[in-house]
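A.B. asks: Below you will find the structure I want to go over with you.
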Amino acid sequence: MHNEFVSLAVIAFMAAVIPVIARLIPRRIVPETVLLLLAGSLLGPHGLHIIDSHADSIHMLAEMGCALLFLLAGFEIDPKSITGEDGRHGLYTWIVTFILAIGAAMAVPIFAAGREGILATALLLTTTALGTLMPILKERNLMGTRIGDLILSYGTWGEVAVVLCVAVILSTRATWQTAAILGGLFLLCVWIALMGSKSVKDGNALYRFLDSKAGAASQTPVRVTLLLLILLVTFSAVFELDIVLGAFAAGFVLRYIIPAGSHTLETKLEGMAFGFFIPLFFVVSGCAVNLKKVAAMPSYLLIFIAALVLVRSIPIILSLSLRKSTRKEISLHNRTSIALYCTTALPLIVAITGIAVRQHLMHEDVASVLIAAGALTVFLMPFLGSILYHVVDAEPLSAIREILHAPTELPEIFHEHVHLMNKHLKEEQLQHSIWKCNRVKTLKDSLQRIADEKERNMMYNLSARHLREQEALQKQSLQERHNLMVRQYAEMEKLYHAYHAGDVPTLMEWETLMGYDKSTN
Numbered sequence: 041m042h043n044e045f046v047s048l049a050v051i052a053f054m055a056a057v058i059p060v061i062a063r064l065i066p067r068r069i070v071p072e073t074v075l076l077l078l079a080g081s082l083l084g085p086h087g088l089h090i091i092d093s094h095a096d097s098i099h100m101l102a103e104m105g106c107a108l109l110f111l112l113a114g115f116e117i118d119p120k121s122i123t124g125e126d127g128r129h130g131l132y133t134w135i136v137t138f139i140l141a142i143g144a145a146m147a148v149p150i151f152a153a154g155r156e157g158i159l160a161t162a163l164l165l166t167t168t169a170l171g172t173l174m175p176i177l178k179e180r181n182l183m184g185t186r187i188g189d190l191i192l193s194y195g196t197w198g199e200v201a202v203v204l205c206v207a208v209i210l211s212t213r214a215t216w217q218t219a220a221i222l223g224g225l226f227l228l229c230v231w232i233a234l235m236g237s238k239s240v241k242d243g244n245a246l247y248r249f250l251d252s253k254a255g256a257a258s259q260t261p262v263r264v265t266l267l268l269l270i271l272l273v274t275f276s277a278v279f280e281l282d283i284v285l286g287a288f289a290a291g292f293v294l295r296y297i298i299p300a301g302s303h304t305l306e307t308k309l310e311g312m313a314f315g316f317f318i319p320l321f322f323v324v325s326g327c328a329v330n331l332k333k334v335a336a337m338p339s340y341l342l343i344f345i346a347a348l349v350l351v352r353s354i355p356i357i358l359s360l361s362l363r364k365s366t367r368k369e370i371s372l373h374n375r376t377s378i379a380l381y382c383t384t385a386l387p388l389i390v391a392i393t394g395i396a397v398r399q400h401l402m403h404e405d406v407a408s409v410l411i412a413a414g415a416l417t418v419f420l421m422p423f424l425g426s427i428l429y430h431v432v433d434a435e436p437l438s439a440i441r442e443i444l445h446a447p448t449e450l451p452e453i454f455h456e457h458v459h460l461m462n463k464h465l466k467e468e469q470l471q472h473s474i475w476k477c478n479r480v481k482t483l484k485d486s487l488q489r490i491a492d493e494k495e496r497n498m499m500y501n502l503s504a505r506h507l508r509e510q511e512a513l514q515k516q517s518l519q520e521r522h523n524l525m526v527r528q529y530a531e532m533e534k535l536y537h538a539y540h541a542g543d544v545p546t547l548m549e550w551e552t553l554m555g556y557d558k559s560t561n
């Protein structure tokens, strides 16, 4: 038992120290999640053997962390984001990516063997680590923005659809038995959701009791939420479904009961989850990564990440580009940013590779490499997505391309793109105003449910300060984008005036000036 306490103490130490380490890294480009995974790999069974990740108690705590991660992910998702237009396109896109992934797995069957192995590989290539993305999106102030909403709409199906397929395709039971179990879970969730929602709307005695105990020492609403989570996770475990399915379902049920969310309840759940259980889950997940095996099989790592980009990212970019609304509303580099965020994968990679290894579809070393690849995407994809999100809209680049093909129309092209620049800035300011209004309304509704007046006032002051800080950050970002746009167009204008007094340069002169090479286009 003392070995387990030592492991727990080491994990708790790493969970406390890693936020400090992440902050010391310039521009905080490495998410805490990646550092937690790295710590688990270095200190686990494949490293210094300090953490015993195979201990039953450590494994149980890690499973609880995984469950809380997906509970919060499900609770954050507005059902409209998966049932509305964005959600439908997200589902259609996932189906296309799954078909492409099957073709890729059949073409390069190096990760897993047999028909089930090909299906397992295809599922690995279509997953989105939505639970892992949530804290990253919050940290980068993307939640509530149009970009964040699209990431949730497309990413949710990369989580939910994969979990359902894992339950059906990789199950050792007959398909009809699995379908019956899933149907039972669905009915249980519907019953709990309807009963809970009716209690909240009617304001009956049970709801009034729970509401009165929200700020008391008993923390009854938190206990009831954990009961819901454990009940649905237990259902999943008893019937040999992945616990992610039960945890995600618990989040959806909770969101249905409290459609506008609850700031107080969410804050308490996040404090418990991100304070201990979720960091523990990532450290233990990192223990499954054997860096020596990864170093010995670098080609597998690169092939898997390249396949993720081809199979998952590109179809999402095409989907967003083919839709008239998102094509006009979202610039190309932001569409690419959304796709890259949705290509982040990890928790389900851990789950699927574990099932594949147990069923002898995949070698343990290959599973370790794929988990490492998933961990790498947690750093790489949000990093690239963040870079693209903060890059100014690509109108200067598209303007240059247009000028190269029609140099005589340079003045018209220039003025048209200046107009586009101003339009983008106004759209960004409008989106920020909408976000602010929605945020204030949500906070107001949440604060009204706090019974204790002192706590309500303190929470109001804290929320107001946070809102001012986020607004200042948004204004700074808008100003930086504006300054960059102005500088880019000033450079273009200077170049134009250098030629305006004389003859318009020929196409060949433009190509030479801009380093344009027809052979590369």
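Per the numbering used here: the sequence shown = residues 41 to 561. Glycine is no exception: its CB is placed at the ideal position from the N, C-alpha and C atoms. These numbers were taken from a predicted model, which means no experiment stands behind them.
Which word fits Asn374, buried or exposed, when buried means at least 16 other C-beta atoms lie within 10 angstroms of its C-beta?
C.D. replies: Classification for Asn374: buried.
A.B. asks: Below 8 Å between beta carbons: does that hold for Thr133 and Ile356?
C.D. replies: A contact, by the Cβ cut-off of 8 Å.
A.B. asks: Alpha helix (DSSP H) containing His99: first to last residue?
C.D. replies: First-last of the alpha helix (DSSP H) with His99: Asp96 to Glu116.
A.B. asks: Would the beta-carbon of Ile150 fall within 8 Å of that of Arg295?
C.D. replies: Going by C-beta atoms, Ile150 is not nearer than 8 Å to Arg295.
A.B. asks: Given a threshold of 16 other Cβ atoms within 10 Å of its Cβ, counted over all protein chains shown, does His42 qualify as buried or as exposed?
C.D. replies: Answer is exposed; the Cβ neighbour count stays below 16.
A.B. asks: Write down the C-beta distance between Thr265 and Leu305 rounded to the nearest angstrom, noting that I regard them as a contact closer than 8 Å.
C.D. replies: Yes, they are in contact, since the Cβ atoms of Thr265 and Leu305 sit about 7 Å apart, within 8 Å.
A.B. asks: Below 8 Å, how does it come out for the region 102–112 and the region 177–193: are there three or more Cβ pairs, yes or no?
C.D. replies: Output reads no: the region 177–193 does not touch the region 102–112.
A.B. asks: Which residues in the same chain as Phe110 place their Cβ atom closer than 6 Å to its Cβ, once the five residues preceding and following it in sequence are excluded?
C.D. replies: Gly171, Val284, Ala287 and Phe288, listed in sequence order.
A.B. asks: Hey, quick one: how far does the alpha helix (DSSP H) through Ile135 stretch, first residue to last?
C.D. replies: Taken as a continuous stretch (DSSP letters only), the alpha helix (DSSP H) holding Ile135 covers Glu125 to Ala147.
A.B. asks: Assess contact between the region 380–399 and the region 153–170, defined as three or more Cβ pairs (one per stretch) separated by less than 8 Å. Is contact present?
C.D. replies: A contact exists between the region 380–399 and the region 153–170.
A.B. asks: If you run the structure through DSSP and keep just helix, strand and coil, what is His42?
C.D. replies: His42 falls in the helix class under three-state DSSP.
A.B. asks: How is Glu179 classed by DSSP in three states: helix, strand or coil?
C.D. replies: Helix, per DSSP.
A.B. asks: Within the same chain, show all residues whose beta-carbon is closer than 7 Å to that of Leu83, passing over the 5 residues directly before and after it, in chain order.
C.D. replies: Once the five neighbours on either side are set aside, the close Cβ partners of Leu83 are Val50, Ile90 and Ile91.
A.B. asks: What I want to know is whether the C-beta of Leu173 ends up closer than 7 Å to one or more non-hydrogen atoms of the ligand MG.
C.D. replies: The model on display carries no ligand, and the ligand MG is accordingly not part of it.
A.B. asks: Buried or exposed for Asn330, going by 16 or more other Cβ atoms inside 10 Å?
C.D. replies: So Asn330 counts as buried.
A.B. asks: Below 8 Å between beta carbons: does that hold for Leu75 and Ile61?
C.D. replies: Their beta carbons are under 8 Å apart, which means Leu75 touches Ile61 by this criterion.
A.B. asks: Check whether the Cβ atoms of Leu388 and Thr167 lie closer than 8 Å to each other.
C.D. replies: Against a cut-off of 8 Å, the Cβ pair of Thr167 and Leu388 comes out as a contact.
A.B. asks: Just how far apart, CA to CA, sit Gly291 and Asn501?
C.D. replies: C-alpha separation (whole angstroms): 28 Å.
A.B. asks: Within this structure, are the beta carbons of Gly130 and Trp197 separated by less than 8 Å?
C.D. replies: Cβ distance < 8 Å, so Gly130 and Trp197 count as in contact.
A.B. asks: Comparing C-alpha positions only, which one of Ser371, Trp216, Leu234 and Leu228 sits nearest to Thr274?
C.D. replies: For the residues Ser371, Trp216, Leu234 and Leu228, the minimum Cα distance to Thr274 belongs to Leu228.
A.B. asks: Assign Met54 to buried or exposed, taking buried as 16 or more other Cβ atoms, counted over all protein chains shown, within 10 Å of its Cβ.
C.D. replies: Flag for Met54 reads buried.
A.B. asks: What is the rounded straight-line gap between the Cα of Pro422 and the Cα of Asn244?
C.D. replies: Going by the C-alpha atoms only, they are around 44 Å apart.
A.B. asks: Let's test the definition: count the other Cβ atoms within 10 Å of the Cβ of Asp282 and tell me whether it reaches 16, buried, or not, exposed.
C.D. replies: Classification of Asp282: buried, given that the 10 Å Cβ count is 16 or more.
A.B. asks: How many Å lie between Asn497 and Gly311 at the Cα?
C.D. replies: If I take the Cα positions, the gap works out to 20 Å.
A.B. asks: Is the beta carbon of Leu108 sitting closer than 8 Å to the one on Phe344?
C.D. replies: The answer is no: Cβ separation not under 8 Å.
A.B. asks: Use the C-beta contact count for Ala79: other C-beta atoms within 10 angstroms, 16 or more gives buried, fewer gives exposed.
C.D. replies: With 16 or more other Cβ atoms within 10 Å, it is buried.
A.B. asks: Under the rule that 16 or more other beta-carbon atoms within 10 Å means buried, what is His86, buried or exposed?
C.D. replies: With 16 or more Cβ atoms within 10 Å of its Cβ, His86 is classed as buried.
A.B. asks: I need the DSSP call for Leu165, collapsed to helix, strand or coil.
C.D. replies: Coil.
A.B. asks: Which same chain residues, not among the five before or five after Leu182, have their C-beta less than 6 Å away from its C-beta?
C.D. replies: Within the same chain, Leu182 has close Cβ partners Gly188.
A.B. asks: Express the C-alpha separation of Thr376 and Thr366 in angstroms, rounding to a whole number.
C.D. replies: Distance between the alpha carbons of Thr366 and Thr376: 12 Å.
A.B. asks: If I'm right that Val323 touches Ala412 with Cβ under 8 Å, what's the distance once you round it to whole angstroms?
C.D. replies: About 15 Å; that fails the 8 Å criterion.
A.B. asks: Taking the Cβ atom as the reference point for each residue, do Arg363 and Cys382 lie within a distance shorter than 8 Å?
C.D. replies: No, they are not a contact pair.
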